[in-house]
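K.L.:
Pasting in a structure now, in structure tokens, and then I'll have a few things to ask.
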Amino acid sequence: MAPAELAELKKQIEDLLSKGFIRPSVSPWGAPVLFVKKKDGSFRLCIDYRGLNRVTVKNRYPLPRIDELLDQLRGATWFSKIDLASGYHQIPIDEADVRKTAFRTRYGHFEFVVMPFGLTNAPAAFMRLMNDVFREYLDVFVIIFIDDILVYSRSQEEHATHLRLVLEKLREQKLFAKLSKCSFWQREMGFLGHIVSAEGVSVDPAKIEAIRDWPRPSSATEIRSFLGLAGYYRRFVKGFATMAQPMTKLTGKDVPFLVS
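When we follow full-length UniProt numbering, the leftmost residue of the sequence shown carries the number 1, and every step to the right adds one.
In structure tokens, the structure reads:
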């Protein structure tokens, strides 16, 4: 790592230690670390858990389909969005499994005592928790995708009641939100790459820009990435499958990659 990255690594490790998220380790496990640059120019510390994930028994708990979640909003006119603070880090790891999360750095060997990002079963485990916590409210006035919670109501009076119930449930379960990422009492807001409002669900213009400005693909892998992003909005494009078919064919096995 470059000196600037090492300084950032040291800072982030000290922060994780001070919060009690990690502790020194003597585990035989030890995943490497790397940095991913975020949109704002800062760095996110990532642990490369590919080796651990390969030998992990997969948790098949289902994640909800986003289109089915958005269908629940029909008739809603008031919205509040709650984003949990470092959501995964709010779940403790079983003591017997803590050693498996160990990672090695220039500044020592550490292990997580809370669920880190990068584990193959983390999304499923968190989704199960959220569904269990809010089961009685799901698809009534709450939809959830992992750590993103949307409270929706048909009137201001309903919304006051619904929001209070959700916040009380979070307090009861000791789940904490990040206020700077939350929005309350909105008539229109962004949620899961879409704009939701009393008029319905539409595509977030910023996401359309990303599709429009996507560089010309030069491999089957890049085509899959593009189709994955574009397919996220297929419900808004009539005949999407037909239009995507020529590109889809190029991702097949033993198909020559020819783009004119």
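Ideal placement from N, C-alpha and C gives every residue a C-beta, glycine not left out.
Quick caveat: nothing in here was measured; it's all calculated off a predicted structure.
Report the rounded CA-to-CA distance for R104 versus L179, giving the unit in angstroms.
P.N.:
Those two C-alpha atoms are separated by around 33 Å.
K.L.:
Strictly by DSSP, which residues pair up with Q186?
P.N.:
In the DSSP output, where bridge partners are listed per residue, Q186 has F79.
K.L.:
Quick check on DSSP: helix, strand or coil for F126?
P.N.:
Helix.
K.L.:
Assign I149 to one of three DSSP states: helix, strand, or coil.
P.N.:
DSSP places I149 in strand when its eight states are reduced to three.
K.L.:
Would a C-beta distance cut-off of 8 Å place K58 and N131 closer than the cut-off?
P.N.:
Contact flag unset, no.
K.L.:
Decide if M1 is buried, meaning its Cβ has at least 16 other Cβ atoms within 10 Å, or exposed.
P.N.:
So M1 counts as exposed.
K.L.:
Of the choices I223, K39 and Y233, whose alpha-carbon is the least far from that of I195?
P.N.:
When each option's Cα is compared against that of I195, the closest is Y233.
K.L.:
So the beta strand (DSSP E) F226 belongs to, where does it begin and stop?
P.N.:
Careful: F226 lies outside any beta strand (DSSP E), inside the alpha helix (DSSP H) at A220 to G231.
K.L.:
So is A4 buried or exposed if we call it buried at 16+ other beta carbons inside 10 Å?
P.N.:
Exposed.
K.L.:
For A4, list the residues DSSP reports as bridge partners.
P.N.:
Beta-bridge pairing links A4 to no other residue.
K.L.:
Mind checking which residues open and close the alpha helix (DSSP H) that includes P249?
P.N.:
Residue identity check: residue 249 is Lys in the sequence provided, not Pro. Here the alpha helix (DSSP H) through K249 covers F240 to K249.
K.L.:
What's the gap between the Cα of F79 and the Cα of M115?
P.N.:
Answer to the nearest angstrom: the Cα atoms are 30 Å apart.
K.L.:
Using 8 Å for Cβ pairs, my map puts T251 next to A220. What's the rounded Cβ distance?
P.N.:
Contact flag correct, Cβ pair sits at about 5 Å.
K.L.:
For the beta strand (DSSP E) containing H194, name the first residue and the last one.
P.N.:
Start and end: H194 to S197.
K.L.:
Report back the beta-carbon spacing between K81 and S183 to the nearest angstrom; my notes put them in contact at under 8 Å.
P.N.:
Going by Cβ atoms, the distance from K81 to S183 rounds to 5 Å, so yes, they are a contact pair.
K.L.:
Can you give the Cα-Cα distance for R212 and K37, rounded to whole angstroms?
P.N.:
Answer to the nearest angstrom: the Cα atoms are 23 Å apart.
K.L.:
Which stretch, first to last residue, makes up the alpha helix (DSSP H) that contains G51?
P.N.:
R50 to R54 is the span of the alpha helix (DSSP H), which, as asked, contains G51.
K.L.:
Is the beta carbon of H162 closer than 8 Å to that of residue 265?
P.N.:
One cannot answer for residue 265 here, as it falls past the ends of the chain, which runs 1 to 260.
K.L.:
Please name the residue, chosen from R187, R65, L138 and S27, that lies closest to F112 on a Cα-to-Cα basis.
P.N.:
Answer by Cα proximity: S27.
K.L.:
Would you mind working out which of L52, S155 and S86 sits nearest K19, comparing C-alpha positions?
P.N.:
Ranking the options by Cα distance to K19, first place goes to S86.
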